[in-house]
Structure formats: C-alpha cells, structure tokens
Amino acid sequence: MSRFDSYFLMKPSDVVEYAREKLDFFAPDSILEGKEIGDGNINYIFRVWDTKSGKSVIIKQAGHTARISDAFVLSTDRTRIEAEILQLEHDLAPGLVPLVYKYDDVMSTCCMEDLSDHVIMRAALIQHQKFPRFADDISTFMVNTLLLTTDVVLDHKKKKAMVKSFINPELCEISEDLVYTEPFNNYNNRNIVFPPNQEWVEQEIYNDEQLLLEVAKLKFEFLTHAQSLIHGDLHTGSIFIKTDSTKVIDPEFAFYGPMGYDIGNVVANMIFAWANADATMSDTTEKADYIGWVEKTIVEVVDLFIKKFNIAWQKNVTEVLAKVPGFQEWYLQTVLSDTAAVTGMELSRRIVGLAQVKDITTIADEKARLRAERICLLSAKRFIMARETYKSGAEFLKTLKDVAATL
Ligand code: SR1
Ligand code: MG
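Structural data, given as structure tokens:
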C-alpha cells in the first residue's frame, strides 16, 4: 500500500517521492528535487529533476476545482482527456506536442516531457521575440489534428466513439460562459474591465443588441457543432516555443467542436501580440521589424492553414459525399467564417472577461492601453459581424489595420 494509492493534492515534497515511486524514469541513485512551476488558471504543474544526471520531468496534477478559483468545480477526468489527446496529437502531428510518459487515474496526474529549454510563447511575444517557424508549425498542427479527426476523413462510427470519449462538460461550460456569454452581458457579474474603458465597453459591447444576436448564434455553433477534435484553448499561453521548435501543450479543454475555434484563438492571440507591440515599443526601426513579423504571421497562419487543408483534403478524404464538386470549397468557407467569429470572441473575452491576457494588462501607459483595448474590441466586432466575408489571411490583417487607423 502506497500513500499515492488514493487521491490527494500534492506539494513539491510529495511530488519528489511520487516521481521516485510511480515513474520508471529516474535512476535508483538519483538525487531528486521538485518545484511547483505553474501559473496557469486550472491545474498544478510540478517539475522534478535529478541533480546528478540533469534528467527532468513535468508532473501535472488536477485538483477538484480550478487553481484560480474554487467557483469552478471540475472533474479530474480532464487529466485523462489531456493525456489521451496529447498522445493522439503526437500521432497526428509528430514533434509538435510534448511526449507523455504516464497517466495516473488515481492521483489525476499526467507525467510528460520537460520543455524547460522552450519558453511560453506569450511571455516571449511580450518581450517582442520573433519565431519564424511558428506559422508553418502551427498550421501543420491545426490541419493534422483538426481535419484528420472530422467525419470527412474518419469512419463515422469511430468518430462518434471519439465524441463520446472526449465529452468534456465542465471545461466546455467554462468556455460557454467566459468566451460566449459573459463578455457581452456580464451576467455572472464577474467581468474585469479596465476602469477608464468601463463606459465605452458598456456602450460599444453590452448595449449592442445586433452583436448580442450574432454572439447567441455563435454560442449555439460552439455547443452543437461536433466537427473536429479541437484543442479548445489554443492561445499563446498553451504553446512552448524556441527558434527551431514549437510544442502545443494543455489540451484539457479538448472536445468535438468547430475547428475554427482553434484557428481563431491563434489569430486573436497574435493580434494581442500586435497590440502590445503597437502600444509599448518606442524604437521605430525595431517596432516596424517586429510588427512586420507579427503581421506576416497572422497572414501566414490563415493562408498556410488553407493551403495545407486543401492538400490534406485531397489526400485523406474518405466520405463519399465530401467528394462532390463544390463541397470542399463550401466546407473550407464555413471554417474560415468560424475562424473569423472566434477571433472576435477571443479578442472580446480577454479584454472584457474574467480571464485576461498579459499582452494587454501589462501595458503601463493608460492611454496606450485604452487604444490597444479598443483596437481589439472594434476589430472583434467586425470579425463577428462580417465573419462570412473572410477568405484569406490578408483580409484578417486588413480588419486589424483598418480599425487601428481609426483610433
Ligand atoms: C477558469 S479558467 C479561465 C481560462 O483559463 C484557461 O486557460 C481558459 O482559457 C479559460 O477560459
Ligand atoms: Mg491552459
């Protein structure tokens, strides 16, 4: 009988003992140390390393509530979902996720490859670092994990079994509330709004009834459109990166939903990087160079997705009616429309909602932050309201630049 045979929430000292006892990873004479390194909203992340060999591992443990607030009561089944999804993503998009070493359903842990030689992409973007491989890597990740898990490619009974296996009600509820409802009406009365922007947000967002109608339609798309096995939280805090490597982490929000949810999250979070650089960089040459890279990345994420999607479609489609002339083009256009809509939802919820992003909240100058927030929110409204018109990366960028030019 081990003390790890029944669940409890671990401390760093427990994790060292846990790693030695439960993982077949460290040598018997290893000298282990452990530390909690997480600053995310949901789980506890520990790093355990051997001071002799330098070997290390990440142990992620789920609590019964979210790390940021006990108001979010969550099934620990999310750790099984995360472990299984990471393994599936590893098969579909090799090299673009960390390796999983072990899933423990008693302690609700997922033990995985330590990516300490990478950095969290959001933190690097706030430092205005460029990653030339990113658009290529993330578009490959999205096409492979999204298109290859749809009914277009998979046997429909297999796909339905996957829908069942990855039902994720509590984590979906977080997105339904925080992304699709609260930013537009504050109905749980917990929105965080930058005080100088409060009145403007009430006027431009809470009081816009046409916007609310479109948001309502989009919420039902998110609730009911079991299209692809999506990551479900693909923002730049869910990506570890270095110059020659991109690793997507944290798929605990995964479920069968609209694939535009993932693509829109990536685009919106690159727009936050743009808004941060626009607000905070003073050297004009460095600013033009960095913003140029962010803009190129926004365009390429969309355009490379389209290009690789069309190639993967020709290679992998099995559904007979998906081969009907015109269907592929129609399907892709619905994905781009969803992408534009979710770009708008993510932009809105990170400015007006409960879970904000440091790209914006760390802008120290009040006027610059106001401008950054309004660029995001006015762009968001255009992405949502005109979602059916977006066909290329250049059109996504044009919305951002057009809006910024008005402020
Ligand atoms: C209560 S969780 C708040 C946010 O953190 C996660 O990373 C998701 O983005 C979620 O919406
Ligand atoms: Mg996360």
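Going by our numbering, the first residue of the sequence shown is number 127, and it counts up by one from there.
C-beta atoms are modelled at their ideal positions from N, C-alpha and C, and glycine is treated no differently.
Check                                                                                         : Outcome
Enclosing beta strand (DSSP E) for leucine 355 [first to last residue]                        : 354-356
Pairwise C-alpha distance: glutamate 514 and threonine 460                                    : 8 Å
Any non-hydrogen atom of the ligand MG within 7 Å of serine 364 CB                            : yes
Among Asp409, Arg475, Ala287 and Asn436, nearest to asparagine 395 - alpha-carbon criterion   : Arg475
Three-way DSSP call (helix, strand, coil) for glutamine 329 in this model                     : helix
Whole-angstrom distance between aspartate 131 and leucine 149, CA atom to CA atom             : 14 Å
Length of the line joining the Cα atoms of serine 179 and serine 156                          : 7 Å
Cβ-heavy atom distance, serine 474 to the ligand MN, below 7 Å                                : The ligand content of the structure shown is limited to the ligand SR1 and the ligand MG, which means the ligand MN is not among them.
The region 240-248 contacting the region 185-198, beta-carbon criterion three pairs below 8 Å : no
Pairwise C-alpha distance: lysine 368 and tyrosine 170                                        : 23 Å
Cβ-heavy atom distance, leucine 123 to the ligand SR1, below 7 Å                              : Outside the displayed range of the chain (127 to 533) lies residue 123, so it cannot be described from this structure.
Proximity to glycine 164 [Cα-Cα], best of Leu496, Glu143 and Ala192                           : Ala192
Aspartate 176, DSSP secondary structure in three states                                       : strand
Serine 139, DSSP secondary structure in three states                                          : helix
Distance between phenylalanine 152 and proline 224 (C-alpha atoms, nearest Å)                 : 18 Å
Unbroken alpha helix (DSSP H) run spanning serine 408, endpoints                              : Per DSSP, serine 408 belongs to no alpha helix (DSSP H) and is neither H nor E.
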